[in-house]
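In order, the protein sequences belong to chains X and L. Per my numbering, the first sequence starts with residue 19, numbered consecutively. Per my numbering, the second sequence starts with residue 1391, numbered consecutively.
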Amino acid sequence: MKKYNIILLLTTALVIQFSCKKSLEPKVYSILTESNAFVTKSDAIAGVNAVYARLKGPSVGDNFDYWTVRHFALTDLTTDLGHCDYGGDPGQLSNIQWNSSNGLILEDWRQIYKLIANANVAIINITPMKSITDAEKAKFLAEIRFLRAIAYMDITDIWGPSVLITEKEMAAKDYSAKPPLTSLADMNKFIIGDLEYAAANLPVNYLNNPIYPGNDVGRATKGAALGMLAKLYLRDHQWQKAADYCKQVIDLNIYDLYPTYAGLFAETNTWCVENMFSVLSDANVNGTELLNHFGPLEHPVLTERWQYYAVTWDFYNSISSSDDRKKMFFEEYTGTDKLIHKQAPTLGATAPAGVLYMPNVATSKYADPKGANTYYDGHSVNILRYADILLSRAEALNEINGGPSTESIELVNKVKRRSHATQLVLANLNQNTFRDAILQERGWELFYEGKRRADLIRMGKYEQVVNAYLARIGKSPSIQMPRDQFFPYPTSQVSINPNLNNSDRRN
Amino acid sequence: MVVASCMLSTIKRIKMTKIYRTTAHYRESIPIKKHPLINALLKHIYCCLFLLIPIAASAQTVVTGTVKDEKGLPAVGASVTETDVKNGTSVDPNGKFTLTLKGKLRVLNFTLVGYKTQKVNIGASNVVNVNLEEDLNKLNEVVVVGYGTQRRGDISASISTVKAEEMNLGGSTSNIGQAIQGKAAGVQVQQTSFAPGAGIQITIRGGNSIQSSNSPLYVVDGFISENGSTINPNDIEDIQILKDASSAAIYGARGGNGVVLITTKKGKMGKVSIDADYSTGRQYLTYKPDLLTGQQYTDIQNATYAENGKSPLFPASFIPANTNWLNEATQNSVVDNMNVSISSGDANSKLYISGNYIDQVGVLKSTGFTRYTARIGVDKKLNERLRLNANFYGVSSKSKQQSYGDGITPPLFGIITSLPNLPVYNADGTYFNYLGKSNAIANLLEPTNDRNNKLANANIGLDYEVIKNLTYHLGAGSEFSQTDLGTYTPQTIPAGVANKGLANVTSSSTFRWLIENYLTYKYKFDDHDFTLLGGVSAQKDFVQSVNVGSKGFSTDQFLYYNLTAGALPNGYGSNKTQTSFNSYYGRLNYAFKDKLLAAFTFRGDASSKFGENNRRGYFPSGSLAYKFTDEDFIKNLNTFSNLKARVSYGVTGNDRILDYAYLAQFGSYNTAIDADGGLVSGIEAKNLANPDLKWESTAQLNAGVDMGFFNGRLNVSIDYYNKKTTDLLLNVPVGNYYGQTIQLANAGSLRNQGIELAINTVNITSEAFNWNTTFNISYNRQKVLSLGDKINNIPVNTANPSGTVSGREFTRVLPGRELGELRGYVYAGVIKTGEVYAPQPASKPGDPKYVDTNGDGVITPDDQQYLGNTTPRFSGGLANDFRYKGFNLNVFFQGAFGYNLYNMNRLVLESTTGADALNRFVAGKNENTDIPREGYFLSQYGGYVNSRFVENASYVRLKSVSLGYSIPASLFEKTKLISGLNVYVQAQNLFTITKYTGTDPEVNTHSASNTGGGLDFNAFPAFKTVTFGIKASFN
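Right, dumping it as structure tokens:
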């Protein structure tokens, strides 16, 4: 009996000891907390990297956020060149019938602001760090602010005046605040601040960089920051500043056009002399779904693809057959369905037996038949490349000079020459026709690079061009400016923050 | 001495009895020992005493007899006591007893739990045979309550009991939910998925929580288990469901959703019995949608294309096949269930060992569930003051194709939308792939998708009587569960070809240890009875997982068993979390004259899931009950055999949120950044921290009355409850500009009110024929009171019903509404040729038409309306049990009423492969129809969530019917091997009365969320089961 008593007493004592343990501070294993997330230089780098990472995503799995495809739904599907034959959200955008509950509008909102939040969090945590030098800190902050500027540039392209969240608002930790809209002018000012800081503190490249041991070509550079400044001033019609910043980029003498257009977009060409700032990926460990969404339907080589982001026949037909860029399409092939896939001779024509008239045409820009034919692919997406800078300077000069000049014509012709396209002749052009030529050239050169809608709006041609296209294919010409200059704020966000007012936009 | 004891061991029993008497003043309550060692020891002591004490010479009266139950079987465990002095014995396994009388009265009491006590005046006789009568009142039954037991009659709380014999067992029943569905008032069980081995949703008295779990707490033999709902139902002795705050508050922060106390079987008194039960059955599909033939589908598609000015999708050269893909994917299949148990017990020890095997082949091909379980339960009285019980439970289960989510990727969507004009196979037997796309049957049959689970639970309980009336209890145990998922996508389907084979393994485990200590003190003076309980408990949970995958295989042979054979990695990860709980608790039970009953409980809980600011929570409760039964004015009515009124109030909590949610968390998010494509690591914020996070708390008022009539043959319980849950843990939507879509916070409140009625009657009881009825029905009404000041509403989206449209809002949590109410457009039919419908100016004839409910002249999201609730208003069950001689018939109906489902399957079928498409609008030809020309996805107005697919899902179903026959013992008596033999047939879900046209009225593919109820989309096909079984008991 005693034996039992002793055992029981011991057990009780032991157990009560356990039960009354005061501290219930949980042990964390698989996450970091505020106390240990940003300690070393390596942590700071990881914080910076996560901002880059949000240019696309998810990092593993269906990688189709933001610049790795969904962003194109707003920038290209809503214009004369992009087309989606599927219903629902992309169909709405493609048919110019969107409203504020369109899921793709919300997705872009969420993903772009996610990058901004990562940038703000990184700034908050890196700024007070003691384990890195001031020089290192400046470099890190420059990268982060560059990326935040890219994101705000896209936010303002899409929504114009929007919510401006900086590291200050993020640090306040009041997540139920209903921040007001910031005017486009103030947003621009903020973006310029970030880009100027980036241009001043970023290196021109990462060869033998003291911080990053590899040649991290995907990182922000001085050239990219200058280029983005040029793009911002261009959007703001501050032509002289735009032209100047383009000149600064050109004068860096580190960029050039890649010899061939097809080669530029080959999947193997992850980075080249023309890339200024791009999203990189790897088919195996960080693959994108570009091929899946761009690839042709029932294609014998690129099987099981969606042809989700396709090109209108009108746009395809507008490219001259001598132009290399016309070779970037799957305009005719015998499909796995044994049917010949091709363009209908006339709108609405009935296909004869053995033939399928495709509603649109797939581009090989992100669907390289010679590249990896795996589920995920490793295409780079160019956010800013040199050809854009050349065309941007030409556009700015045309506005400054009131018409084309030898320099501006040559800037465009340089781009055309690479693709064996017909050269422009100065004598045949005036300011208006040259502007139209630049707009058209930008379409041919930069289709599905996230530029089209901004180009059309900047040049005041959005309503005219897109409505003309809609009319031609028998749809109602439904673009109305200025209503459609900006997209509606997503419904779900409006209900959280009533300051997001859609009264002057589609709702 | 040794020699003497050996000699004396042969002394006749009568002499032993004499010695027993002489020493009885201090050993009278020792029942017969069975343990050989202790027996030997005792004999030894008796022998010594025998040598020392002279044999008493006076004459003794020895009474012998047999005690039987109402069926004439030995009343094992019954005790026989004298009424005037302390003296008694227990009956042996044959129901026989021998008692040497000490008193003068010659009146004996025969008692057995569950039976009426009989007082017998034996007069001059020395032989007495007694037949005990079952006590229908059941008020003397001892039931398990949290941290202790109580006589049923003394309970002042609201507790439902389901006993083994009342459960729906056998056939395809594999979990508690299926076993108790419809059996307890206020306990809503929904078989949300018919997939073999799928979980089940149990909600007690309506869901308290919006975004946390509404699942009750499971306590198995005193151990708080996360796997309580999955234990083998055949091992359960009874289940007590603690429904009100008074009973559940002793479980504090975890009692908010009610508590399910499971007591597993221990051995029965009597000799060793071996019972075996084998059943085999077939499962028959009950969901068979009407589908188009190949030719019909071809014609409709081509016509639609023509209407849109497109060339035919299927040109003239196309020869349509005629495939019913659902038929190809499904089968009537087999379910086998086998249970063997060994049970043994005597006054000091009980033993129960069981093994169970269930093998269910899915009605959907390539699915199935196999499970083996083993249980050992022992209970041993070690000495007068110390009692030990120990339980071990082990499970190994395997299921195939276990994922039937509500998206378009699981196999069902592909199957029901596969084109009927395509063949499944090519002439050479390979899969036919149309346009290079995958074949739905190949997608079902080819991939490997295994889920294996291993579970072990071991726990002990020690009860020690420290001093008289003071008992110390120690409960300690641990539970380990490991789930391994293995998938392989072979190169026989396009998804596998693209990756050259894709293998993944995920292994996750949970480990819990738990220690409970409590003291129970009973105190009585005059008419006042006190029982005081106080205790502490500590618990720690560890959850760990690891996953790894690879792709690029040269062969499909390895499946997921050799990941290195894949040339490339395909994702990997690991995770570990830890949760700690510390608690203390107390309870005071008070009874005055066995009339007034009161109970007060208190628990203090601390959990590592919550921030420093709110780490502790306190949960009090109290209840009062009054028994009117013995009051004269009630007695004089001659109506009630029992009348008790109860009222209780208390606060319980709910802490089921993810670990570390209050902390600011940073996690990895990697990216490729150099030209070689290698990944670099990134760190980003994973949440928006909230240091103020705390428990959800539910305050509940319960008032009830228990009534017994006709000497306990009719028992009625009525309960009313009103629960208000505050500080709801909500994912408060935040502006996405903060980098997250939500922040977890305590916001808002919700109310559940309801009435429960439970009736059980003994309609006929006689030697030959018995008929019992149990009936229960409950009504619950839920209302969201508030979502806090930061949330206007919580929209919830459907899955996307097609690859080309996204999920759309179909319910919206809004104050004043209940959870899961469907919300969408009001459908007004199709637009006819020539019709101008002003709110939809761009619509064409044949397009769907929606009601402009706000009359603003356009169809906008503001025109959406609430279209119906999806949680049943009423649910109930009716069981009738008939016994006639050897026959036993049990008929059990179960039903739920007053709710709707969103039949998204019908929506999809109507615009794809369903026969309804034959009646679609065709301009000039078929205009008198409600079915649009080409479905709902392309319309620029309104949306596919509309009133057309909201269906009333009320149902009554014959949940279970079984007919058994006990083969007369005379037929096998001579074998000496078999002691009982019973054959039975049973049917589950034999028929259902409902207007619902979808998969099944119980289905809810959105069951993971409390807010998005009532969605029927891509669910596992429903079926009914008919089984044949045989039960045998062995000597």
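Note that the Cβ used here is the ideal one computed from N, Cα and C, for glycine as well.
R1977 of chain L touches chain B at which residues, Cβ-Cβ below 7 Å?
No chain B is part of this structure, whose protein chains are labelled X and L.
Touch test, the region 2306-2321 of chain L against the region 2357-2372 of chain L, Cβ-Cβ under 8 Å, three pairs minimum
Short answer: they don't touch.
Indicate whether I2181 of chain L and L2120 of chain L have their beta-carbon atoms separated by less than 8 Å.
Working through the second sequence from its first residue, we reach residue 2181 of chain L at position 791. Working through the second sequence from its first residue, we reach residue 2120 of chain L at position 730. With respect to the 8 Å criterion, I2181 of chain L and L2120 of chain L are classified as neighbours on the basis of their beta carbons.
One question on the structure: do L225 of chain X and N233 of chain X come within less than 8 Å of each other, judged by their Cβ atoms?
On the first sequence, position 207 is the one that residue 225 of chain X refers to. On the first sequence, position 215 is the one that residue 233 of chain X refers to. In contact: L225 of chain X and N233 of chain X (Cβ atoms closer than 8 Å).
Within the 8 Å Cβ cut-off, does S1707 of chain L reach chain X?
Taking the second sequence and counting its residues from 1, one reaches residue 1707 of chain L at position 317. S1707 of chain L counts as touching chain X.
Which class does F1487 of chain L belong to by DSSP, given the choice of helix, strand or coil?
Your numbering for residue 1487 of chain L matches position 97 in the second sequence. Residue state for F1487 of chain L is assigned as strand, using DSSP reduced to three classes.
Whole angstroms is fine: what's the gap from W462 of chain X's alpha carbon to R2046 of chain L's?
By one-based count along the first sequence, residue 462 of chain X stands at place 444. By one-based count along the second sequence, residue 2046 of chain L stands at place 656. CA-CA distance, W462 of chain X to R2046 of chain L, rounds to 56 Å.
For a quick check, are the C-beta atoms of A91 of chain X and L122 of chain X less than 8 Å apart?
On the first sequence, residue 91 of chain X is found 73 positions in, with the first residue counted as 1. On the first sequence, residue 122 of chain X is found 104 positions in, with the first residue counted as 1. Yes, the Cβ-Cβ distance between A91 of chain X and L122 of chain X is below 8 Å.
Count the other CB atoms within 10 Å of the CB of F1915 of chain L; is the residue buried (16 or more) or exposed (fewer)?
On the second sequence, position 525 is the one that residue 1915 of chain L refers to. F1915 of chain L comes out exposed.
In the DSSP assignment, the alpha helix (DSSP H) including S513 of chain X goes from what residue to what residue?
Walking along the first sequence from the start, residue 513 of chain X turns up at place 495. For S513 of chain X, the enclosing alpha helix (DSSP H) begins and ends at 509-514.
Just list the beta strand (DSSP E) runs in the region 2237-2271 of chain L, keeping only unbroken ones of 3 residues or longer that don't cross its boundaries, in chain order.
As far as the region 2237-2271 of chain L is concerned, its whole beta strand (DSSP E) runs of at least 3 residues are 2238-2240, 2255-2258.
Is there a Cβ of chain X sitting closer than 8 Å to that of I2063 of chain L, yes or no?
Taking the second sequence and counting its residues from 1, the one referred to as residue 2063 of chain L is at position 673. So, interface residue.
Which same chain residues end up closer than 7 Å to T1501 of chain L when comparing Cβ atoms and leaving out the 5 residues on each side of it in sequence?
Along the second sequence, read from residue 1 onward, the residue named residue 1501 of chain L stands at position 111. Only A1468, S1469, T1507 meet the Cβ criterion.
Under three-state DSSP, which class holds V2124 of chain L?
Here the question's residue 2124 of chain L lines up with position 734 in the second sequence. Three-state result, V2124 of chain L: coil.
Suppose you measure from the CA of E2225 of chain L to the CA of L275 of chain X; what does that come to, to the nearest Å?
Within the second sequence, residue 2225 of chain L is the residue found at index 835, counting from 1. Within the first sequence, residue 275 of chain X is the residue found at index 257, counting from 1. Distance between the alpha carbons of E2225 of chain L and L275 of chain X is about 58 Å.
Are there 16 or more other CB atoms within 10 angstroms of the CB of T330 of chain X, so buried, or fewer, so exposed?
Numbered from 1 along the first sequence, position 312 holds the residue referred to as residue 330 of chain X. Here T330 of chain X is buried: its Cβ has 16 or more other Cβ atoms, across all protein chains shown, within 10 Å.
If we define contact as Cβ-Cβ less than 8 Å, is A2148 of chain L a contact residue for chain X?
Along the second sequence, one-based indexing puts residue 2148 of chain L at 758. So no, A2148 of chain L is outside the interface.
Interface residues of chain X facing I2073 of chain L [CB-CB closer than 7 Å]
The residue labelled residue 2073 of chain L in the question sits at position 683 within the second sequence. Using a Cβ-Cβ cut-off of 7 Å, I2073 of chain L is close to L50, A55, D61, A64, G65, A68 of chain X, given in chain order.
Can you check which of these residues, X:F82, X:D107, X:V373, X:L111, is closest to D94 of chain X by C-alpha distance?
The sequence position of residue 94 of chain X within the first sequence is 76, counting from 1. Comparing Cα positions, the closest option is X:L111.
Can you tell me which of the three DSSP states R88 of chain X falls into?
The sequence position of residue 88 of chain X within the first sequence is 70, counting from 1. The three-state secondary structure of R88 of chain X, taken from DSSP, is coil.
Is L2033 of chain L helix, strand or coil when you go by DSSP?
Position 643 of the second sequence, counted from the start, is the residue given in the question as residue 2033 of chain L. DSSP, read as helix, strand or coil, puts L2033 of chain L in strand.
Is the beta carbon of F295 of chain X closer than 8 Å to that of I401 of chain X?
By one-based count along the first sequence, residue 401 of chain X stands at place 383. By one-based count along the first sequence, residue 295 of chain X stands at place 277. Pairing I401 of chain X with F295 of chain X gives a Cβ-Cβ distance under 8 Å.
Please list, in chain order, the residues of the region 2109-2128 of chain L that have any C-beta partner in chain X closer than 9 Å.
Answer in chain order: V2122, P2123, V2124, G2125, N2126, Y2127, Y2128.
Using the C-alpha atoms, what's the distance from N1622 of chain L back to L1845 of chain L?
As a position in the second sequence, residue 1845 of chain L is number 455, starting the count at 1. As a position in the second sequence, residue 1622 of chain L is number 232, starting the count at 1. When rounded, the separation of the alpha-carbon atoms in L1845 of chain L and N1622 of chain L is 12 Å.
Give the DSSP-derived three-state secondary structure of W116 of chain X in the structure shown.
Locating residue 116 of chain X in the first sequence gives position 98, counting from the first residue. Correct three-state label for W116 of chain X: coil.
Looking only at its chain, what residues have a beta carbon closer than 6 Å to the beta carbon of F1971 of chain L, apart from the 5 residues adjacent to it on each side?
Mapped onto the second sequence, residue 1971 of chain L falls at position 581. Excluding sequence neighbours, F1971 of chain L sits near Q1929, S1997.
I'd like to know if S510 of chain X contacts chain L, where contact means its C-beta is closer than 8 Å to some C-beta of that chain.
Position 492 of the first sequence, counting from 1, holds the residue named residue 510 of chain X. Chain L contact via Cβ: present.
Using the Cα positions of R1417 of chain L and N1499 of chain L, report the straight-line distance between them to the nearest angstrom.
Counted from its first residue, the second sequence places residue 1417 of chain L at position 27. Counted from its first residue, the second sequence places residue 1499 of chain L at position 109. With a pLDDT of 38 at R1417 of chain L, under the threshold of 50, the predicted position of this residue should be treated as unreliable, though the coordinate-derived value follows. Between R1417 of chain L and N1499 of chain L, the C-alpha separation is close to 20 Å.
Proximity winner among L:R2141, L:P2358, L:S2337, L:G1886, relative to K1827 of chain L (alpha-carbon distances):
Position 437 of the second sequence, counting from 1, holds the residue named residue 1827 of chain L. Nearest C-alpha to K1827 of chain L: L:G1886.
Ordered along the chain, which non-local residues of its own chain (more than five positions away) have a Cβ less than 6 Å from that of S410 of chain X?
Counted from its first residue, the first sequence places residue 410 of chain X at position 392. Hits under 6 Å: A248, L252, C264.
Can A62 of chain X and M147 of chain X be called in contact, C-beta distance under 8 Å?
Here residue 62 of chain X refers to the residue found at position 44 of the first sequence. Here residue 147 of chain X refers to the residue found at position 129 of the first sequence. The answer is yes: Cβ separation under 8 Å.
Cα-Cα separation, P363 of chain X to T2389 of chain L:
Walking along the first sequence from the start, residue 363 of chain X turns up at place 345. Walking along the second sequence from the start, residue 2389 of chain L turns up at place 999. Rounded to whole angstroms, P363 of chain X and T2389 of chain L show a C-alpha spacing of 47 Å.
Go ahead and pull the three-state DSSP assignment for G2007 of chain L.
For the purposes of this step, residue 2007 of chain L is taken as residue 617 along the second sequence, with counting starting at 1. Residue state for G2007 of chain L is assigned as strand, using DSSP reduced to three classes.
Contacts around N2105 of chain L, its chain only, beta-carbon distance under 6 Å, and the 5 residues preceding and following it disregarded
In the second sequence, the residue the question calls residue 2105 of chain L occupies position 715. Within the same chain, Cβ atoms closer than 6 Å to the Cβ of N2105 of chain L are found at G2098, N2150, the five residues on either side in sequence being excluded.
Got a sec? Which residues, its chain only, sit under 7 Å from D2058 of chain L by beta carbon, not counting five neighbours each side?
Residue 2058 of chain L sits at position 668 when you count from the first residue of the second sequence. For the record, residue 2058 of chain L in the displayed sequence is Ser; it is not Asp. Excluding positions up to five away in sequence, the list reads S2071, G2072, I2073.
Burial state of M499 of chain X, where buried means 16 or more other Cβ atoms lie within 10 Å:
Indexing the first sequence from 1 puts residue 499 of chain X at position 481. Looking at its Cβ environment, which holds fewer than 16 other Cβ atoms inside 10 Å, M499 of chain X is exposed.
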